[in-house]
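With this note's numbering, letter number 100 in the first sequence gets 101, and the count goes up by one each step, no holes. For glycine and all other residues, C-beta sits at the position ideal for the given N, C-alpha and C. Below you'll find the structure, written out as structure tokens, and then a few comments.
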Amino acid sequence: MKIGYPCVNESLDCTSSATFRLASYSAERLELAVAGNLLCLQRILAYNVVQGLRFFRISSGIVPFGSHPINTYPWQTRFAAEFRAIGSYVQAQGIRISFHPDQFVVLNSLNPDIVQRSIAELEYQGSMLDLMGLDTTAKLQIHVGGLYGDRESAIERFIATYRELPEMVRRRLVIENDDRLFSLRDCLRVHEAVGIPILFDNFHHECLNHGEPMAEALRLAAATWHPERDGVMMMDYSSQQLGERKGKHTTTLEESLFREFLTHLRGLDVDIMLEIKDKEASARRAISVLRELQLVAAEVVVIS
DNA sequence: CACTGTCAAGAAGCC
DNA sequence: GGCTTCTTGACAGTG
């Protein structure tokens with residue numbers, strides 16, 4: 002079991018998603034931003050290893066305007082060595098990597114231009130995993146997309162688009178159950194049609210489900226991951242911020258709820274991404290809990 | 001230097 | 001039809 006947090010480290014004084022305005026785009030600024038972002042990413046990964054955190058979601062903003070037509074800078078070749086070095090470190094330390102393209106990636110959109118831009122974004126993020134030399138256990142996680150008032154055709158459009166995706170995207174793509182539109186059950190239907198793994202989100206499942214108990218839901222999702230091709234199931238973990246709108250993520254790990262959740266695993270191996278506001282602070286607390294329960298190694302061996 | 005409106009991109013819910 | 005939220009930081013212009 003690996004524990005991680007998304008994109009941002011609040012302990013270090015650097016960012017891996019420095020950007021600038023489209024209006025002020027230049028090749029120089031792009032090169033400068035990517036160089037700084039990759040340097041910071043290396044620092045974050047090293048920090049994580051020391052803390053025993055071996056799952057990380059890399060920010061989509063690592064290359065500003067990564068899939069935008071304005072960006073014609075050959076960043077893939079200019080930074081090939083840096084990506085390769087990061088990938089080697091990731092493999093040597095047994096780190097799991099994911100990306101989560103944001104809400105603008107909608108594969109089942111009714112607008113073909115949006116679908117094309119979405120695919121371009123997935124190709125951009127997938128190409129970084131290829132540059133790092135990572136296998137297909139490194140994933141790109143997205144949601145099914147929009148509902149547009151018709152669940153059936155929305156799901157059918159996703160399936161049709163998925164089948165046409167470039168191989169380098171398709172082999173890494175996974176879908177996540179969301180909290181309002183597409184439930185675990187909907188995702189399972191997509192899986193049955195095309196074999197795509199389901200990244201399970203416990204909190205979304207609490208918000209939107211069809212009565213499946215947590216332990217059963219976890220097993221249904223886990224069965225969609227092909228062990229050799231996809232690796233251990235990835236999942237997002239969070240809980241409700243009390244007194245806020247339903248679906249609002251908690252600001253810090255609620256340890257008792259986390260312990261209760263772990264009882265539902267019943268021996269199932271998962272890599273858990275904590276979608277919690279205070280990032281690595283909660284992730285480190287989760288590590289403490291898991292060490293106490295002997296679900297992760299008690300001590301970290303740093304290989305240099 | 002501090003403040004703040006705004007930023008590439010989508011969709012849904014509410015009024 | 002317009003505004004807000006998801007989710008969030010930080011860019012960049014202003015005072």
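Test item: CB-CB of residue i and residue j under 9 Å
| i | j | result |
| --- | --- | --- |
| Leu58 | Pro7 | The sequence given here has Arg at residue 58, not Leu. Contact flag set, yes. |
| Ala282 | Thr253 | yes |
| Gly88 | Leu132 | yes |
| Gly37 | Tyr125 | no |
| Leu46 | Gln94 | yes |
| Arg79 | Val35 | yes |
| Leu141 | Val195 | no |
| Asp202 | Val145 | no |
| Gln52 | Arg285 | yes |
| Tyr74 | Leu31 | yes |
| Arg310 | Ala216 | A question about residue 310 goes unanswered here, because the residues of the chain that appear run from 2 up to 305. |
| Val290 | Lys3 | no |
| Ser240 | Leu263 | no |
| Leu269 | Leu219 | yes |
| Glu168 | Ile143 | no |
Residues bridged to residue i [DSSP beta-bridge criterion]
| i | result |
| --- | --- |
| Gln142 | Val175 |
| Asp202 | Asp237 |
| Leu275 | Tyr238 |
| His250 | Gln241 |
| Arg97 | Phe56 |
| Gly5 | Phe56, Met274 |
Residue from the options with nearest C-alpha to residue i
| i | options | result |
| --- | --- | --- |
| Arg97 | Asn112, Gly5, Gly37 | Gly5 |
| Asp103 | Pro75, Asp179, Leu219, Pro113 | Asp179 |
| Cys15 | His101, Ile63, Arg22 | Ile63 |
| Arg171 | Leu182, Lys280, Phe159 | Phe159 |
| His101 | Glu229, Leu200, Lys3 | Leu200 |
| Leu13 | Arg30, Lys3, Ser27, Cys41 | Cys41 |
| Arg85 | Trp226, Ser128, Gly53, Leu54 | Ser128 |
| Val9 | Glu276, Asp136, His144 | Glu276 |
| Thr1 | Ser17, Ala284, Arg173, Ile71 | Past the edges of the chain, shown from 2 to 305, lies residue 1, and the structure says nothing about it. |
| Phe287 | Val271, Arg260, Asp270, Gly268 | According to the sequence shown, residue 287 is Ala rather than Phe. It is Arg260. |
| Ser17 | Ser27, Leu33, Tyr26 | Leu33 |
| Asp272 | Val50, Arg55, Leu189, Glu29 | Arg55 |
| Tyr238 | His265, Gly212, Pro228 | His265 |
| Ser27 | Arg246, Pro65, Val191 | Pro65 |
| Ser60 | Leu130, Val50, Ser25 | Leu130 |
| Gly147 | Ala299, Leu189, Asn112, Asp231 | Asn112 |
| Phe204 | Arg190, Met236, Glu229, Leu189 | Met236 |
| His211 | Ala81, Glu153, Leu189, Arg246 | Leu189 |
| Glu153 | Glu177, Ser119, Val191, Ile120 | Val191 |
| Lys278 | Lys249, Gly244, Ser99, Arg292 | Lys249 |
| Ala121 | Asp136, Gly134, His69 | His69 |
Check: residue i C-beta below 8 Å from any heavy atom of the ligand FAD
| i | result |
| --- | --- |
| Ala155 | Ligands are entirely absent from the displayed structure, and the ligand FAD is therefore not among its contents. |
**Q.** Cβ contact check for the segment 159 to 168 and the segment 104 to 119: 3 or more pairs under 8 Å
**A.** The segment 159 to 168 is in contact with the segment 104 to 119.
**Q.** Segment contact flag, the segment 143 to 160 with the segment 183 to 199, C-beta cutoff 8 Å, min 3 pairs
**A.** Because the criterion of three Cβ pairs below 8 Å is met, the segment 143 to 160 and the segment 183 to 199 touch.
Q) Between the segment 12 to 28 and the segment 253 to 263, do three or more beta carbon pairs fall short of 8 Å? A) No contact exists between the segment 12 to 28 and the segment 253 to 263.
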